[in-house]
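Here's the structure, in structure tokens; my notes come after.
Number of protein chains: 2
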Amino acid sequence: MQTKGSGPEPTTPAPVTLHDVARAAGVSVATVSYVANGRTNVRLSDATRLRVQQALDDLGYRPNALAKNLVKGTSKFVGLVTDGVATTPFAGQIIHGAQDEAWRHGFVLLVANTDADPQVEHEAIEMMREHQVRGILYSTWYHREITVPPALDSAEMVLVNCYAPGSDARAVVPDERQGGRVATEQLLEQGHRRIAFLNTTWESPARTGRLAGYRDALAAAGVGFDPALVIDAEPNQEGGYAAYEELRRLDVTAAFCHNDRVAMGLYDALRVRGLKIPTDLAIVGFDNQEVIAAHLRPPLTTVQLPHYELGAAGVRILLGIDPVPTGSVSKLACPLVPRESVASGLAD
Amino acid sequence: MQTKGSGPEPTTPAPVTLHDVARAAGVSVATVSYVANGRTNVRLSDATRLRVQQALDDLGYRPNALAKNLVKGTSKFVGLVTDGVATTPFAGQIIHGAQDEAWRHGFVLLVANTDADPQVEHEAIEMMREHQVRGILYSTWYHREITVPPALDSAEMVLVNCYAPGSDARAVVPDERQGGRVATEQLLEQGHRRIAFLNTTWESPARTGRLAGYRDALAAAGVGFDPALVIDAEPNQEGGYAAYEELRRLDVTAAFCHNDRVAMGLYDALRVRGLKIPTDLAIVGFDNQEVIAAHLRPPLTTVQLPHYELGAAGVRILLGIDPVPTGSVSKLACPLVPRESVASGLAD
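Chains as they are written, first to last, in the UniProt record's numbering: chain C, 1 to 348; chain G, 1 to 348.
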């Protein structure tokens, strides 16, 4: 059960919220909370209690693990240092996952947003250590290689959405390669053989990883790799729009876009020419960006970045619940979110 | 100087970041940080120092107030309880503004995301009080009326992006009415007289406030209010797309959309019919949603929700820096962000 967006169940689902249950049962969030927390000092009809309990069971709501361990008179801290909670809708999901997981284990999350200012970062880390945090998650708003800040040198810490080659730091990142592979497979399965990849111009693990996944999928399907079909595009709507003319010359039937914003621009380029998706061009995006992907016409088949899970996994590694070796980089799967931008009747 | 989006200066600008300065000076963020913080134990050429200092001055960078007061061995806490950091790109800006302002005054922000679960909310507030927070900001992801949670009853607190009529709570919210007015004025100034308002179907201060502002602007321009021109639309792309046929029948020349997502759907509806923006229809949105507004074709004229400023103002009120009376609701302006979806040559 996924709570955000309209896609089907990803492999690592977002948690069911009281909102979901309330909607399913047709009652208020407060009512669900009373039932979920076993409160009997509230007047509710048996029918209502039963309906809510049924919805809680059906949706698989996890009873209030969040709050249960939160207050013990001994709450300890876990720190999260991030370079940009405000620059992207995604970073919020990392914080959300980290907080939920921290609370489950009796820890409170201290969050510091640094805007990537090394001085602010330094002071934020010092502040956290002064508050005797159990450890620190160091997170970036986009997946990238970093150098571990000196202030973290002797701290217990885990890198989230970033990694530091050659260091001892444990890291958890999205599996870009697997994501690129499932995106491309989706197009191959529909019979497409000339598939363009609108890759980003930014050097990043997403750029190299998604390309590797694209090549993996082609190779597994026995389709030769044609470097001419890989196009560099600015990773936004303008990049997708501008790339159309080159796609036309390449005579492709499908395009895997580096992200949903590129796909959105490409949609616009097709629409002004009176062309249809997926019949004139099948399209797959990446990110499952909430305000865009499900709301394009047609809704966009894409791949989900597992930000909530990155935050949660970071906490589990930090607390030793998921033991991983020093220096290891854990990769979390990016599940496919199928919608309607890939043709279903094209198989050759 | 605005750091996000491509619009011109709003009335309450977002702060200049080291990133902005680094881009302007053509150097790394680290280099800017060294110069901004007056570090002399780093080898930089005089030319570089000069260029960075020039960019710092030009852009009006505020030297590192953030970190300066952060670590004193006596950092105290301010709490922020929010019902949805993860459900919207906006909530992150409230947290960002609150954190920056808290740090400026030697406080650290404790953030709790509750998903609107009353039980989690209760425990989060208890946790914060246990940590002896100086006070608590209680914030919602969309502007709405609330009832103050009982756990906050005797706490020092400020409501952010919400308000509680009849209570003593001080609140800071966006000025929806002023926002609706400037959006409509922008269309009136270009000579439009039959202006539709695609309002949301959700009962909310945004729904009533923006409508009041639309009416204010019409009245001030001597244009009669025609209730038939106010259309209820789902506040997303699907709502904007579906509303087109009714707009056509109403024979309007311009539309003020409740939010940018509605505008995006309306763009699609026009495009599939071969119609042009702004010549066939002038459009204004609301929200200045980062991944959408500046990247539509043409870029969307819209109104900015002042989320960063709401978070910062909440902290200033909480700490008594901006003294306001008990029970007062402070309204922050929503500045216009002019782009290209309103015709410039239509004045009558």
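For each residue, glycine too, the CB sits at the ideal point set by N, CA and C.
Beta-carbon neighbours of residue i, restricted to chain G and to distances below 8 Å
| i | result |
| --- | --- |
| residue 238 of chain C | 295 |
Spatial distance of residue i from residue j (CA atoms)
| i | j | result |
| --- | --- | --- |
| residue 356 of chain C | residue 111 of chain G | For chain C, the structure presents residues 1 to 348; residue 356 of chain C sits outside this window and is missing. |
| residue 251 of chain G | residue 264 of chain C | 29 Å |
| residue 292 of chain C | residue 272 of chain C | 19 Å |
| residue 135 of chain G | residue 195 of chain G | 45 Å |
| residue 229 of chain C | residue 197 of chain C | 6 Å |
| residue 304 of chain G | residue 203 of chain G | 20 Å |
| residue 91 of chain C | residue 51 of chain C | 35 Å |
| residue 144 of chain G | residue 125 of chain G | 20 Å |
| residue 238 of chain G | residue 148 of chain C | 45 Å |
| residue 329 of chain G | residue 189 of chain C | 57 Å |
| residue 341 of chain C | residue 274 of chain G | 21 Å |
| residue 99 of chain G | residue 105 of chain G | 10 Å |
| residue 215 of chain C | residue 177 of chain C | 9 Å |
| residue 284 of chain G | residue 241 of chain G | 15 Å |
| residue 65 of chain G | residue 96 of chain G | Caution applies to residue 65 of chain G, whose pLDDT of 47 falls short of 50 and renders its modelled position unreliable; the value that the coordinates give is listed next. Near 14 Å, if we compare the C-alpha coordinates of residue 96 of chain G and residue 65 of chain G. |
| residue 354 of chain C | residue 82 of chain C | Examination of residue 354 of chain C is not possible in this model, given that chain C is present from 1 through 348 alone. |
| residue 142 of chain G | residue 323 of chain C | 39 Å |
| residue 186 of chain C | residue 336 of chain C | 9 Å |
| residue 288 of chain G | residue 235 of chain C | 19 Å |
| residue 210 of chain G | residue 162 of chain G | 16 Å |
| residue 270 of chain G | residue 299 of chain G | 15 Å |
| residue 44 of chain C | residue 29 of chain C | 13 Å |
| residue 290 of chain G | residue 49 of chain C | 42 Å |
| residue 266 of chain C | residue 277 of chain C | 10 Å |
| residue 279 of chain C | residue 343 of chain C | 7 Å |
| residue 200 of chain C | residue 244 of chain C | 15 Å |
| residue 35 of chain G | residue 117 of chain C | 12 Å |
| residue 150 of chain G | residue 268 of chain G | 46 Å |
| residue 345 of chain C | residue 227 of chain C | With a pLDDT of only 43 at residue 345 of chain C, under 50, the local geometry of the prediction cannot be trusted, and no value is derived from it. |
| residue 331 of chain G | residue 294 of chain G | 26 Å |
| residue 19 of chain G | residue 23 of chain C | 43 Å |
| residue 231 of chain G | residue 160 of chain G | 29 Å |
| residue 321 of chain G | residue 120 of chain C | 23 Å |
Selection from the options that minimises the alpha carbon distance to residue i
| i | options | result |
| --- | --- | --- |
| residue 193 of chain C | C/219, C/201, C/275, C/171 | C/219 |
| residue 168 of chain G | G/280, G/177, G/146 | G/146 |
| residue 247 of chain C | C/281, C/44, C/52 | C/281 |
| residue 172 of chain G | G/230, G/341, G/334, G/343 | G/334 |
| residue 155 of chain G | G/176, G/102, G/91, G/133 | G/133 |
| residue 319 of chain C | C/184, C/158, C/152 | C/158 |
| residue 102 of chain G | G/186, G/314, G/307, G/187 | G/314 |
| residue 217 of chain C | C/201, C/231, C/256 | C/256 |
| residue 137 of chain G | G/26, G/332, G/205, G/316 | G/316 |
| residue 109 of chain C | C/131, C/123, C/115, C/116 | C/131 |
| residue 233 of chain G | G/260, G/226, G/224, G/253 | G/260 |
| residue 312 of chain C | C/286, C/174, C/183 | C/174 |
| residue 152 of chain G | G/122, G/276, G/27 | G/122 |
| residue 166 of chain C | C/332, C/327, C/49, C/77 | C/327 |
| residue 225 of chain G | G/262, G/184, G/200 | G/184 |
| residue 57 of chain G | G/77, G/46, G/16 | G/16 |
| residue 26 of chain C | C/207, C/77, C/46, C/55 | C/55 |
| residue 286 of chain G | G/231, G/227, G/207, G/321 | G/207 |
| residue 254 of chain C | C/191, C/205, C/307 | C/191 |
Integer Cβ distance of residue i from residue j, believed to fall under 8 Å
| i | j | result |
| --- | --- | --- |
| residue 222 of chain G | residue 180 of chain G | So it is not a contact: roughly 18 Å between Cβ atoms. |
| residue 301 of chain C | residue 338 of chain C | 5 Å |
| residue 32 of chain G | residue 59 of chain G | Incorrect: roughly 10 Å between the Cβ atoms, too far for contact. |
| residue 310 of chain C | residue 94 of chain C | 6 Å |
| residue 115 of chain G | residue 84 of chain G | 6 Å |
Under 8 Å by beta carbon: chain C residues contacting residue i
| i | result |
| --- | --- |
| residue 118 of chain G | 29, 30, 33 |
| residue 291 of chain G | 89, 261, 289, 291, 292 |
| residue 241 of chain G | 297 |
| residue 218 of chain G | None at all; the shortest Cβ gap to chain C is about 30 Å. |
Chain-ordered neighbours of residue i on chain C, where CB pairs are closer than 9 Å
| i | result |
| --- | --- |
| residue 17 of chain G | 115, 116, 117 |
Within chain G, the residues that residue i reaches when beta carbons sit closer than 9 Å
| i | result |
| --- | --- |
| residue 268 of chain C | 267, 268, 271, 296, 297 |
Contact list for residue i against chain G, beta-carbon separation under 7 Å
| i | result |
| --- | --- |
| residue 99 of chain C | 113 |
Margin query: Which complete beta strand (DSSP E) runs does the region 162 to 213 of chain C hold, if anything under 3 residues is left out?
Written below: 170 to 174, 195 to 200
Taking the runs of the alpha helix (DSSP H) that are 4 residues or longer, which of them lie wholly in the region 68 to 145 of chain G?
91 to 104, 118 to 130
**Prompt:** Quick one: complete beta strand (DSSP E) runs, 3+ long, within the region 228 to 262 of chain C?
**Reply:** 230 to 233, 254 to 257
Please specify which runs of the alpha helix (DSSP H), each continuous and at least 4 residues long, are wholly inside the region 283 to 322 of chain C, giving them in chain order.
307 to 318
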